[in-house]
Amino acid sequence: MEVTPTVLQQGRVRLKLRISENTPGQVLKQENGEALAIDKQEIETLVEVRSGETLALGGIFSQKNKTARDSVPLLGDIPVLGRLFRRDGKDNERRELVVFITPRILAVR
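To convert, note that position 15 of the sequence shown is 438 in the working numbering; the numbers rise steadily by one, no gaps.
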């Protein structure tokens, strides 16, 4: 996260914000091995708030859908009856990154 504040008149603050989230992506096959891709989401914005006010900034979403199957070896592969010896699962995960920022102008002594 990068924050560049500018103090304005009448107790206001301008904030230039850049918020990013990097997560591991897919494994990429290359000639000399494998490399891990990085998935990046980024927000860049300019806002003005009063000193002491809180700004809530959201908008970086992620969603993961996973499926898994656990089964008893061999028995889980039998057509029709195999359902009795296996368990299919689904997992759906949704996330949102929300950042709260409260700028304060401090008096110089």
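Glycine included, each C-beta is placed from N, C-alpha and C at the ideal position. Given the structure is predicted, the values throughout are model-derived calculations rather than measurements.
With which residues is G512 paired in a DSSP beta bridge? Per DSSP, A491.
Residues in the same chain with beta-carbon distance under 7 Å from P526, minus the five sequence neighbours each way, listed in chain order, please. Counting only Cβ-Cβ distances below 7 Å, and skipping sequence neighbours, we find P428, V436, L438, V472, S474.
Is the separation between the beta-carbon of D511 and that of A491 shorter than 9 Å? Yes, these two residues count as a Cβ contact at 9 Å.
Separation of L440 from V426, as counted between CA atoms: 5 Å
Going by the CB atoms, is the gap between S494 and R420 shorter than 9 Å? The structure shown does not extend to residue 420, since the chain is modelled only from 424 to 532, so the question has no answer here.
Check whether the Cβ atoms of K489 and N515 lie closer than 9 Å to each other. yes
C-alpha gap between G505 and K513, whole angstroms: 18 Å
Can you check which of these residues, P447, L529, G499, is closest to L391 by C-alpha distance? Any property of residue 391 remains undetermined from this structure, which presents the chain solely from 424 to 532.
Helix, strand or coil, according to DSSP, for R506 in the structure here? helix
Apart from the five residues on each side of it in sequence, which residues of its chain come closer than 6 Å, Cβ to Cβ, to E465? S443
So N445 is in the beta strand (DSSP E); what residue range does that whole segment cover? 435 to 453
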